[in-house]
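What follows is a set of notes on a single structure, which appears directly below.
Residue numbers (full-length UniProt numbering): 1 to 217.
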């Protein structure tokens with residue numbers, strides 16, 4: 001049991017993990033669009049209501065981790081140290097290996113490849129993935145607007161920043177499919193991702209230093 005977590009909370013964590021694993025097995029075997037929440041519940045020996053208690057939608061059985069990552073990212077940016085810009089905090093967050101990238105566990109990499117295949121085969125999941133990215137960009141734009149005001153430039157910066165995370169995700173999956181382990185993937189993807197954010201930061205600095213102070217928004 002994880003240190004500091006009570007028995008009841010640990011049971012919830014275990015149930016959630018079990019439901020997700022059962023669902024992913026079914027989705028991989030039959031295809032996401034051909035499996036219902038009732039199918040998942042039956043295979044896990046629980047009621048459909050129990051599944052919905054942990055995962056509000058069927059898509060969440062696959063993408064809840066992505067949604068939670070977006071929430072953690074926005075939270076980290078809100079809680080950034082005084083004097084640290086949003087993009088600097090964003091860069092620091094991307095630089096740290098997390099999850100699969102923090103360990104050398106072949107099973108974790110295999111799980112990542114499986115999830116990517118499930119998403120790629122489902123229009124519903126791909127659409128939900130785009131909605132989550134749009135939501136993250138909107139949250140990031142709101143934080144950037146507190147620094148530099150709202151407008152086209154601010155929203156474009158936010159979209160570009162989230163685009164970097166999407167490009168990093170695609171590269172992570174590509175390298176995972178090639179057989180690399182988590183820390184090997186991190187050694188390639190994280191420096192490239194943070195270098196891309198550096199381009200945004202330098203571009204913003206040049207724009208702010210230009211005659212007139214800022215570009216039109």
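All residues carry an ideal CB built from backbone N, CA and C; glycine is no exception.
Check: Local conformation of residue 5 per DSSP, three classes; Outcome: coil
Check: Same chain only: Cβ atoms within 7 Å of residue 193, ignoring 5 sequence neighbours per side; Outcome: 94, 164, 168
Check: Coil, strand or helix - residue 45 by DSSP; Outcome: coil
Check: Residues near residue 154 in its chain [Cβ-Cβ closer than 7 Å; skip 5 each side]; Outcome: 141, 144, 145, 148, 217
Check: Exposure label - residue 1; buried when at least 16 CB within 10 Å; Outcome: Any reading at residue 1 must be qualified, since the residue scores a pLDDT of 46, below 50, and its modelled position is unreliable; the value itself is stated next. With fewer than 16 other Cβ atoms within 10 Å, it is exposed.
Check: Simplified DSSP state of residue 181, which is helix, strand or coil; Outcome: coil
Check: Buried versus exposed, by CB contacts within 10 Å (16 or more), residue 186; Outcome: buried
Check: Alpha helix (DSSP H) runs wholly inside the stretch 103-133, at least 4 long, in chain order; Outcome: 106-120
Check: Supposed contact pair residue 37 and residue 27 - C-beta distance, whole angstroms, cut 8 Å; Outcome: That belief does not hold up - the Cβ atoms of residue 27 and residue 37 are roughly 12 Å apart, past 8 Å.
Check: Exposed unless 16 or more other CB atoms sit within 10 angstroms - verdict on residue 34; Outcome: exposed
Check: Limits of the unbroken alpha helix (DSSP H) element including residue 35; Outcome: Note, residue 35: premise wrong, no alpha helix (DSSP H); not H, not E.
Check: Segment contact, 8 Å Cβ cut-off, at least three pairs: the stretch 169-181 with the stretch 101-109; Outcome: yes
Check: Cβ pair residue 197, residue 72 closer than 8 Å; Outcome: no
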